[in-house]
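What follows is one structure encoded as structure tokens, with my remarks underneath.
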Amino acid sequence: MRLINVLSFPLLFSSTVFGSASAFNARADNSTVQWGSCGGGHDSFQCANISVPLDYHNASDPRTINIYITRLPATNTTNKLGSLFINPGGPGASGSDVVFEFGQNITTFLMGQYDIIGFDPRGVKRSEPYISCFDNLLDEDLFSHMTRGLTLNIPSNITDEVVGDLDRQLTSIRGQVTSLSAQCYARVGDFMSFIGSEAVARDIDTMSKAIDGPDVPINYYGLSYGSALGQRLVQILPPSRIGRVVIDAIVNPVLTSKYAFSPLNTSVSTGDILQGFADNCASAGDACALLNMTSTDIISKINSTLDSLYYNPVHVTDLGYPAVADAGILREVMFRALYSVQTWPMLAEVLAAAFAGNYTPAVSRVLPSLSATSAMQPDDSSYAGTLIVCNDALSTAQQTAADLMLSLRQNSPQLGESAFSLGLCGDWPDVYPSHSRYNGTFGLPDHTLKTPILMMSNTYDPITPLVNAINSLELYGNNARLIQQADGYGHGAISAVSFCTLQLLQSYLLYGEVPETKHTICQVDQKPFVPFSVSSATNSTQGYNLASREAYTAMLMVLETNL
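Quick look at the structure:
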């Protein structure tokens, strides 16, 4: 799952701050959608707001919210297949931004046969109200600096003394998060408890009925936490409403509906990916900035640098604002870089600088720059993602130092605590009781769906490990198929090019064809530290029955840009 503070979406939404009362409207009829111009140079796109109920479980509550949607109309209207809803995960990422940036490539890949639909989920960005916890972006950035991006300063060599210090760090962060929860509640009120994935799945149903009609099946692509949304979609709606559903980088729906995110379950592959980075870097020659270092040397130097930064943080003075580099900063840089092999060369450069005593590149990639102009911009709903996770979870048990220690020892001493802040639901008391949690079970009897779900996963994913996809495949029986990218590193199959995967994906979305076997293995064609270009890949597609080279090139451009 992509953490929102990792993404860098442009601020295109209104600066209006919505309070707990004035934000809501009376329930409205969505019999038609009033499409209009999107502005911002997006001339080929159409945009609209669709009114949806705030509370799907309380018909006596008249309040509604607005979901911002973006559409890139199909160009092949003769063979149009309907709408394809896109959710990029996050949780809390803007689907509109993704469609604005990549919609043309996606529609070309799909032969112009779909309307490509992006939407900002409830509480996010242009949808109204959105989760606004600060008066402006500068205040949010200052909070990030104060909390050091909610990172933990942990060495690689963990002693009893370190465990005690980790417990103190967690206590401090919990206090900061609880204070933030109260501040968010003061600004948006009980809306915090209405943004769970169950409600968003019902929003998709409402949007689909308004756009395509009540009887048209929903086609959907969900990445990362978008997979949790997709799994709720197929559970909540009748089978007749489910069309072609693709979920990539699979979240474990059973665990996340019971407990908040736990690094013990999500960081399973972090150690393997870091080792893969070191192995590939060591064999890459001058394509990797860590020259003349063996794989063992690289891991050893990472460990010693983490230990040094833990005991002796280093001040950084050339960023235009005061900053300090500690082990938590370096850990966060490494974790973010594990999302795609395309970022591994950057990680090597940051590590090379750090090994030489220069920590400016590391700090600048974790902490936001501070600018007076940010005081004129709205905050960017960064914490909506955590609130979505917490709305979905039943348990609010506190995450402890012992929990993190188990993951550090079992998964990775360098990255075992990754994304721990998504599990701090016990410190967001104002989320509860959630009004948007799915309380049902997961899994479907065989032959429930007309077209099985298509699941995709890399072998090594830093936050949604392969075991999640395998478990989900068992839950859904013959209602699902899984494509596993062998030796694939990164978050989701879309993070690394595989001709095999793209062919199967295109055949599924265009023709409803599913892989013959329940669990298909595809090779990855993009190798770490090896230059990969659209032109060279296009010349390598011979033997793959793709609808057109132009369409294939379009999707490779999306992959090359690292969605």
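Residues -23 to -1, 1 to 540 (mature numbering (1 follows the signal peptide of the UniProt record, and there is no 0)) make up the sequence shown, in order.
C-beta atoms are modelled at their ideal positions from N, C-alpha and C, and glycine is treated no differently.
Every value quoted in this text rests on a predicted model; they were computed, and no experiment measured them.
Query: Straight-line CA distance for residue 274 to residue 313?; Result: 22 Å
Query: Using three-state DSSP, classify residue 378 as helix, strand or coil.; Result: helix
Query: Residue 244: which of 496, 526, 505, 468 sits nearest, CA to CA?; Result: 468
Query: For residue 116 versus residue 404, is the C-beta spacing smaller than 9 Å?; Result: no
Query: With 16 as the cutoff for other CB atoms within 10 Å, does residue 305 come out buried or exposed?; Result: buried
Query: For the beta strand (DSSP E) containing residue 297, list its first residue and its last residue.; Result: Taken as a continuous stretch (DSSP letters only), residue 297 belongs to no beta strand (DSSP E), as it is neither H nor E.
Query: For residue 293 and residue 336, what's the separation of their Cα atoms in angstroms?; Result: 7 Å
Query: Please report the Cβ distance between residue 390 and residue 133, rounded to the nearest whole angstrom; I am assuming they are in contact, meaning their Cβ atoms lie under 8 Å.; Result: 5 Å
Query: Can the beta-carbon of residue 173 be found less than 9 Å from the beta-carbon of residue 197?; Result: no
Query: Could you check what DSSP says for residue 520 in three-state terms: helix, strand or coil?; Result: coil
Query: Applying the criterion that 16 or more other CB atoms from any shown protein chain within 10 Å of the CB defines a buried residue, is residue 188 buried or exposed?; Result: buried
Query: Do you know how far the Cα of residue 399 is from the Cα of residue 360?; Result: 10 Å
Query: In terms of residue numbering, what span does the alpha helix (DSSP H) encompassing residue 332 cover?; Result: 321 to 332
Query: Can you grab the Cα-Cα spacing for the pair residue 371 / residue 441, in whole Å?; Result: 20 Å
Query: Measuring CA to CA, which of 48, 183, 319 is closest to residue 534?; Result: 319
Query: Between which two residues does the alpha helix (DSSP H) containing residue 151 stretch?; Result: 137 to 165
Query: Please list the segments of the beta strand (DSSP E) lying wholly inside the segment 33 to 66, counting only runs of 3 or more residues, in order along the chain.; Result: 40 to 49, 59 to 64
Query: Straight-line CA distance for residue 71 to residue 407?; Result: 24 Å
Query: Just tell me which of 301, 66, 517 has its CA closest to the CA of residue 290.; Result: 301
Query: Would you check if there are 3 or more beta carbon pairs closer than 8 Å linking the segment 162 to 180 to the segment 207 to 226?; Result: yes
Query: Taking the beta carbon of residue 228 as the centre, do at least 16 other beta carbons fall within 10 Å, making it buried, or is it exposed?; Result: buried
Query: Could you spell out the range, first to last residue, of the alpha helix (DSSP H) harbouring residue 97?; Result: Not the alpha helix (DSSP H): residue 97 falls in the beta strand (DSSP E), residues 91 to 97.
Query: By a C-beta neighbour count over all protein chains shown, 10 Å radius and 16 as the cutoff for buried, is residue 461 buried or exposed?; Result: buried
Query: How is residue 479 classed by DSSP in three states: helix, strand or coil?; Result: helix
Query: Should residue 5 be labelled buried (16 or more other beta-carbon atoms within 10 Å of its own) or exposed?; Result: Confidence is the limiting factor: at residue 5 the pLDDT is only 49, short of 50, which leaves the residue's position unreliable, though a coordinate-based value still follows. Looking at its Cβ environment, which holds fewer than 16 other Cβ atoms inside 10 Å, residue 5 is exposed.
Query: Rank 500, 484, 491, 476 by C-alpha distance to the C-alpha of residue 464 and give the top, closest one.; Result: 500
Query: Would a C-beta distance cut-off of 9 Å place residue 470 and residue 435 closer than the cut-off?; Result: yes
Query: Using beta-carbon positions only, say whether residue 379 and residue 140 come within less than 9 Å of one another.; Result: yes
Query: Inspect the beta-carbon positions of residue 248 and residue 388 and report whether they are closer than 9 Å.; Result: yes
Query: Nearest to residue 63 by CA position, among 296, 451, 223, is which residue?; Result: 223
Query: Which class does residue 528 belong to by DSSP, given the choice of helix, strand or coil?; Result: helix
Query: At which residues does the alpha helix (DSSP H) containing residue 546 begin and terminate?; Result: Any question about residue 546 goes unanswered here, given that the chain covers just -23 to 540.
Query: Return the Cβ separation of residue 511 and residue 530 in integer angstroms, given the expectation that the two are a contact with Cβ distance under 8 Å.; Result: 6 Å
Query: Measure the CB-CB distance between residue 521 and residue 362 and report whether it falls below 9 Å.; Result: no
Query: Only counting the same chain, and skipping five residues up and downstream in sequence, which positions put a Cβ closer than 6 Å to that of residue 84?; Result: 49, 93
Query: Would you kindly work out how many angstroms separate the C-alpha atoms of residue 278 and residue 164, rounded to a whole number?; Result: 46 Å
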